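Asks: Okay, here's the structure, questions in a sec.
Chains as they are written, first to last, in our numbering: chain A, 71 to 573; chain B, 71 to 573.
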């Protein structure tokens with residue numbers, strides 16, 4: 071059937087066209103069915119919304135995105151036909167029925183998500199089925215390759231390519247620039263890309279961009295890595311496994327991250343970036359994704375097994391995550407703490423230890439013996455700081471960058487303890503919520519500076535931590551949240567008083 | 071934060087507001103998060119879409135539906151705050167984790183779907199989790215009651231209230247008006263409501279509306295039932311378990327109908343309509359939903375068990391569904407065949423047998439002994455036809471209605487057999503697809519008239535079935551489909567020739 075295409079500024083989170091009820095009846099399409107739209111030279115398939123108010127008969131409303139896809143302008147004629155459900159809908163059903171999927175089926179599902187041929191409803195069902203029924207390692211390997219195929223791949227002239235990835239979930243984990251600087255200073259190439267915060271207080275890219283650019287093109291990442299030895303860039307500016315971003319938009323409202331999806335997502339990005347050697351950091355602790363050593367070891371097995379199948383050498387490090395890494399949480403505060411350590415500061419040791427342990431494993435994967443010791447030497451000798459500054463400058467940062475130049479938010483609230491005792495618990499998620507309430511990560515100066523960590527003694531009236539904010543109202547909101555729901559717990563002599571109630 | 075409300079004609083399948091990216095960052099809301107919007111007197115919660123193109127800072131775009139909910143007009147000021155995820159999202163997670171849900175949890179999920187507080191993504195995850203992990207009978211009973219609570223309930227002054235329901239899936243199932251007429255003629259009250267076709271060639275309402283009104287108000291259904299004894303109305307015009315319609319919109323693209331959802335959906339409509347006695351028809355056959363006697367018996371157990379828990383007397387009938395009921399498929403063709411039988415025609419016997427068997431069970435539930443025999447007597451005596459005409463007139467049909475006045479589509483295609491033999495298989499789904507291609511159910515005259523059924527002999531060149539269409543092109547399309555994929559299979563003497571191939 072012939073229709074007149076009309077531009078309509080709809081949100082394009084799900085490419086759809088809007089057609090009149092009567093036309094839909096004529097074509098035999100229901101709400102959320104698909105149509106094939108033929109422009110003069112190009113065709114596409116989209117979902118259909120029906121309406122008897124916003125659109126007239128004989129007209130099809132489409133977003134600029136759909137118009138571009140078929141090379142049609144406002145007012146031009148298009149041909150529209152009913153289009154059957156894609157085969158991938160059947161594969162989703164198979165996973166709902168707990169069947170193994172073939173490589174072809176997995177590739178079809180991933181391609182159809184990437185090409186927006188599956189609706190949000192269908193992608194949600196896919197993720198839910200994956201969450202409940204899972205995938206075996208062979209399926210996950212196919213899934214990984216399918217995700218790689220949706221985007222670009224980097225090819226480095228210099229080999230081998232080292233990389234590392236943290237499963238995340240621990241606040242204050244500002245080790246990436248330190249690890250990259252040490253590894254690159256040791257002569258290995260590590261083109262590290264990171265993400266921004268989704269639900270955390272600050273992703274690596276959120277704090278790195280306070281002192282240099284992170285939005286680098288693939289060509290620039292290649293150039294810096296091959297000459298300077300490493301980067302700390304944002305991965306999102308490249309077209310690497312782009313289907314992952316589409317999936318995250320559906321995972322987020324559901325609050326799930328199916329294991330198969332998570333593993334395939336991590337591995338696909340590493341393969342697409344051309345990594346030959348990968349270290350996976352698995353933070354383990356009560357407030358993180360991985361809560362027990364058994365869970366952590368299961369991840370280790372999966373990553374090693376996947377690595378073998380995918381032809382990439384994988385090692386894993388299970389790291390302590392029962393409290394934040396270091397003292398700073400939030401973009402500028404973390405940047406400051408990270409750079410101070412590179413400048414020679416010996417505190418907080420948890421950051422130094424974690425960074426050097428991880429860097430040490432990578433050095434050993436690269437054939438450098440006693441990696442941990444060598445990493446510590448490179449850090450304390452200043453070689454890491456020199457390499458760090460080379461990378462910063464390559465990423466358009468200032469050659470005069472100093473930690474002390476970075477200033478956190480001007481609205482400060484000290485949170486003091488009402489009693490004396492030892493800090494026995496730190497709730498990671500509560501800290502993250504307070505930092506976010508204070509404005510982190512979009513307000514760069516917002517965050518938390520811990521004055522006490524687990525096992526330390528605090529006297530009544532002493533500061534436990536300080537909240538920083540760029541915005542006065544947000545700072546107050548964060549303070550209220552911290553008072554209502556204390557993230558640090560103090561162990562006094564008395565847990566509970568068992569006497570009669572006082573009249 | 072204060073915003074200016076602006077009208078935006080978005081499709082309202084999912085009530086959302088659209089806000090500027092910067093405002094969303096300020097409020098701390100992500101795409102698909104929720105906000106609470108306060109008008110002067112009323113508040114509501116909706117999902118948020120972010121944009122930096124369609125909307126300016128300080129403005130919130132909303133559909134007329136959302137404006138109505140908070141009693142705000144274009145240009146007026148509203149207050150908007152971040153709204154946490156509803157508790158029901160956690161309950162969906164629990165079902166994903168295969169946990170039993172409490173009555174409170176189930177009521178919250180159903181209420182939040184009804185009030186559009188859950189997004190399509192979340193409802194899809196809910197249905198997928200239900201499909202995979204299921205519910206026990208106690209949960210389904212809670213689910214049923216929760217669905218009843220989302221809509222109105224009918225209260226009849228006359229008791230008891232008889233009803234019946236068919237699980238569907240068998241084409242040509244035009245027995246409803248016959249069953250209702252017999253039961254009402256026997257002095258029992260049966261306020262039957264039906265649906266329109268979703269994926270079938272014709273629902274009961276689709277064919278009944280070719281000879282009388284089906285869109286009756288609840289008050290009118292009550293009045294007709296209490297005075298005349300029965301109706302054959304469309305259930306959709308009443309506000310009965312309205313959440314079901316919202317769920318169907320998500321089930322349809324997924325092609326699933328989770329058992330718990332199906333059972334709760336049927337029972338909730340029957341409870342809401344005030345039924346005290348319910349007969350469930352379970353068509354069983356290879357081309358239908360229920361394929362084996364074991365599956366059918368499992369449904370019987372579930373329905374009886376649910377009936378006991380919900381205080382409604384339930385009986386079930388497993389019926390033959392390996393081929394269509396009668397010969398006619400499509401609105402006018404089915405109406406014609408149905409009315410002919412009420413007028414005294416003895417053919418096709420499968421329609422008479424099924425209608426009288428079902429009516430007989432209902433009569434026995436109502437205390438009338440030898441129900442099946444009594445049903446046949448009421449039909450053959452003309453009492454059923456007299457009652458049928460009373461109901462037709464009450465539903466604004468013509469008092470002079472005759473089967474012969476109904477005319478099917480004028481474009482006819484006879485499909486003949488290329489060889490002689492017995493019809494050994496009839497593919498229900500293929501017949502339905504052909505009837506739908508011919509225009510059924512929206513083109514009232516479109517459909518199929520079977521000339522041969524299973525076990526009957528057809529000589530080469532004899533007509534197997536005739537396709538009817540209101541529209542020439544659709545008729546031809548249906549004919550092509552029938553030639554390409556024959557719905558009736560003829561058993562000749564030779565299944566396959568094993569000799570050498572002919573040169």
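Cβ coordinates follow ideal geometry from the N, Cα and C atoms, glycine included.
Since the structure is predicted, the reported quantities are computational estimates derived from the model, not experimental observations.
Drop a sphere of 10 angstroms on the beta-carbon of residue 393(B), count the other beta-carbons inside from all chains shown, and report buried for 16 or more, exposed for fewer.
Replies: For the purposes of this step, residue 393(B) is taken as the residue at position 323 of the second chain. Burial call: buried.
Asks: Less than 8 Å between CB atoms is the rule here; does residue 163(A) satisfy it with respect to chain B?
Replies: As a working note, residue 163(A) is residue 93 in the first chain. Closer than 8 Å to some Cβ of chain B, the Cβ of residue 163(A) qualifies, so yes.
Asks: Using a beta-carbon distance below 8 Å, is residue 325(B) in contact with chain A?
Replies: For the purposes of this step, residue 325(B) is taken as residue 255 along the second chain, with counting starting at 1. Closer than 8 Å to some Cβ of chain A, the Cβ of residue 325(B) qualifies, so yes.
Asks: Which one of 522(A), 342(A), 192(A), 462(A) has the shortest CA to CA distance from residue 226(A)?
Replies: As a first step, residue 226(A) must be located in the first chain, where it is residue number 156. Minimum Cα distance to residue 226(A) is reached at 342(A).
Asks: Using beta-carbon positions only, say whether residue 199(B) and residue 198(A) come within less than 8 Å of one another.
Replies: Counting from 1 along the second chain, the entry for residue 199(B) is found at position 129. Counting from 1 along the first chain, the entry for residue 198(A) is found at position 128. Going by C-beta atoms, residue 199(B) is nearer than 8 Å to residue 198(A).
Asks: Is residue 149(A) close to chain B? Criterion is C-beta to C-beta, closer than 8 Å.
Replies: Within the first chain, numbered from 1, the residue matching residue 149(A) stands at position 79. Answer no: the Cβ-Cβ gap between residue 149(A) and chain B never drops below 8 Å.
Asks: Drop a sphere of 10 angstroms on the beta-carbon of residue 224(A), count the other beta-carbons inside from all chains shown, and report buried for 16 or more, exposed for fewer.
Replies: Against the first chain, residue 224(A) aligns to sequence position 154. Buried, since its Cβ has 16 or more Cβ neighbours within 10 Å.
Asks: List the residues of chain B that residue 202(A) touches, going by C-beta distances under 9 Å, in chain order.
Replies: Here residue 202(A) corresponds to residue number 132 of the first chain, with the count starting at 1. Result: 166, 167, 168, 198, 199, 202, 203.
Asks: Rounded to a whole number of angstroms, what is the C-alpha to C-alpha distance between residue 219(A) and residue 94(B)?
Replies: On the first chain, residue 219(A) is found 149 positions in, with the first residue counted as 1. On the second chain, residue 94(B) is found 24 positions in, with the first residue counted as 1. Whole-angstrom Cα-Cα distance: 33 Å.
Asks: For residue 138(B), return the contacting residues in chain A, with the cut-off set at a CB-CB distance below 9 Å.
Replies: By one-based count along the second chain, residue 138(B) stands at place 68. Simply none; closest approach about 14 Å.
Asks: CA-CA distance, residue 331(B) and residue 299(A)?
Replies: Numbered from its first residue, the second chain carries residue 331(B) at position 261. Numbered from its first residue, the first chain carries residue 299(A) at position 229. Near 57 Å, if we compare the C-alpha coordinates of residue 299(A) and residue 331(B).
Asks: Look up residue 300(B) in the DSSP assignment and give the residues it is bridged to.
Replies: In the second chain, counting from the first residue as 1, residue 300(B) sits at position 230. BP columns for residue 300(B) point to 260(B).
Asks: I want to verify the contact list: residues of chain A whose CB lies under 8 Å from the CB of residue 102(B), in sequence order.
Replies: Along the second chain, one-based indexing puts residue 102(B) at 32. Near residue 102(B) (Cβ distances below 8 Å), the residues of chain A are 319, 322, 323.
Asks: Going by Cα to Cα distance, which pick from 103(A), 108(A), 166(A), 92(A) is closest to residue 123(A)?
Replies: Position 53 of the first chain, counting from 1, holds the residue named residue 123(A). Among 103(A), 108(A), 166(A), 92(A), the Cα nearest to that of residue 123(A) belongs to 92(A).
Asks: Entirely within the stretch 264-336 of chain B and at least 4 residues each: give me those alpha helix (DSSP H) ranges in chain order.
Replies: Runs found: 274-278, 288-298, 313-324.
Asks: On the premise that residue 104(B) lies in contact with residue 118(B), defined as a C-beta separation below 8 Å, what is that separation, rounded to the nearest angstrom?
Replies: As a first step, residue 118(B) must be located in the second chain, where it is residue number 48. As a first step, residue 104(B) must be located in the second chain, where it is residue number 34. Contact flag correct, Cβ pair sits at about 7 Å.
Asks: Under a three-way DSSP split, which group does residue 236(B) fall into?
Replies: As a working mapping, residue 236(B) is identified with position 166 in the second chain. Strand at residue 236(B).
Asks: According to DSSP, is residue 217(B) helix, strand or coil?
Replies: Taking the second chain and counting its residues from 1, the one referred to as residue 217(B) is at position 147. Three-state DSSP puts residue 217(B) in a helix.
Asks: Give the straight-line distance between the Cα atoms of residue 428(B) and residue 168(B), rounded to the nearest whole angstrom.
Replies: The sequence position of residue 428(B) within the second chain is 358, counting from 1. The sequence position of residue 168(B) within the second chain is 98, counting from 1. Approximately 38 Å between the Cα atoms of the pair.
Asks: Say whether chain B places a C-beta atom closer than 8 Å to the C-beta of residue 490(A).
Replies: Taking the first residue of the first chain as 1, we reach residue 490(A) at position 420. Chain B contact via Cβ: absent.
Asks: Start and end of the alpha helix (DSSP H) containing residue 254(A)?
Replies: Looking up residue 254(A) in the first chain gives position 184. Note, residue 254(A): alpha helix (DSSP H), 246-255.
Asks: What in chain A is Cβ-close to residue 195(B), meaning under 7 Å?
Replies: Residue mapping note: residue 195(B) aligns to position 125 of the second chain, counting from 1. Per Cβ cutoff of 7 Å: 194, 198, 324.
Asks: Alpha carbon to alpha carbon, how far is residue 132(B) from residue 78(B)? Give it in angstroms, no decimals.
Replies: For this step, residue 78(B) is matched to residue 8 along the second chain. For this step, residue 132(B) is matched to residue 62 along the second chain. Going by the C-alpha atoms only, they are around 5 Å apart.
Asks: Could you work out which residues of chain B lie near residue 95(A), taking near to mean beta carbons separated by less than 7 Å?
Replies: Taking the first chain and counting its residues from 1, one reaches residue 95(A) at position 25. Those are 512, listed as they occur along chain B.
Asks: According to the Cβ coordinates, are residue 489(B) and residue 254(B) closer than 8 Å?
Replies: By one-based count along the second chain, residue 489(B) stands at place 419. By one-based count along the second chain, residue 254(B) stands at place 184. Contact: no.
Asks: What number of angstroms, rounded off, separates the C-alpha of residue 268(A) from the C-alpha of residue 399(A)?
Replies: Along the first chain, one-based indexing puts residue 268(A) at 198. Along the first chain, one-based indexing puts residue 399(A) at 329. Whole-angstrom Cα-Cα distance: 15 Å.
Asks: Residues in the same chain with beta-carbon distance under 6 Å from residue 548(A), minus the five sequence neighbours each way, listed in chain order, please.
Replies: For the purposes of this step, residue 548(A) is taken as residue 478 along the first chain, with counting starting at 1. Cβ neighbours of residue 548(A) beyond the five flanking positions: 504, 507, 508, 537.
Asks: For residue 420(B) versus residue 272(B), is the C-beta spacing smaller than 8 Å?
Replies: Stepping through the second chain from its first residue, residue 420(B) is reached at position 350. Stepping through the second chain from its first residue, residue 272(B) is reached at position 202. No. Outside cutoff.
Asks: In terms of residues, what are the limits of the alpha helix (DSSP H) holding residue 431(B)?
Replies: By 1-based counting over the second chain, the position of residue 431(B) is 361. It spans 419-435 - the alpha helix (DSSP H) in which residue 431(B) sits, taken as one unbroken run.
Asks: Is the Cβ-Cβ distance between residue 556(B) and residue 515(B) less than 8 Å?
Replies: As a position in the second chain, residue 556(B) is number 486, starting the count at 1. As a position in the second chain, residue 515(B) is number 445, starting the count at 1. No, Cβ-Cβ distance for residue 556(B) and residue 515(B) is not below 8 Å.
Asks: From residue 469(B) to residue 136(B), what distance separates their C-alpha atoms?
Replies: Taking the first residue of the second chain as position 1, residue 469(B) is located at position 399. Taking the first residue of the second chain as position 1, residue 136(B) is located at position 66. Each residue's alpha carbon lies about 45 Å from the other.
Asks: Where does residue 151(A) fall in DSSP's three states?
Replies: As a working mapping, residue 151(A) is identified with position 81 in the first chain. In the structure shown, residue 151(A) sits in a strand (DSSP, three-state: E or B).
Asks: Quick check on residue 200(A): does DSSP put it in helix, strand or coil?
Replies: Here residue 200(A) refers to the residue found at position 130 of the first chain. If DSSP states are grouped into helix, strand and coil, residue 200(A) belongs with the helices.
Asks: Between the C-alpha atoms of residue 494(B) and residue 314(B), what's the straight-line distance to the nearest angstrom?
Replies: In the second chain, the residue the question calls residue 494(B) occupies position 424. In the second chain, the residue the question calls residue 314(B) occupies position 244. Rounded to whole angstroms, residue 494(B) to residue 314(B) spans 38 Å at the Cα level.
Asks: So, for residue 383(A): in the same chain, excluding its five sequence neighbours on each side, which residues have a beta-carbon less than 8 Å away from its beta-carbon?
Replies: For the purposes of this step, residue 383(A) is taken as residue 313 along the first chain, with counting starting at 1. So the list reads 346, 347, 348, 377, 435, once near-sequence residues are dropped.
Asks: Considering only their Cβ atoms, is the gap separating residue 284(B) from residue 304(B) smaller than 8 Å?
Replies: Here residue 304(B) refers to the residue found at position 234 of the second chain. Here residue 284(B) refers to the residue found at position 214 of the second chain. Yes. Within cutoff.
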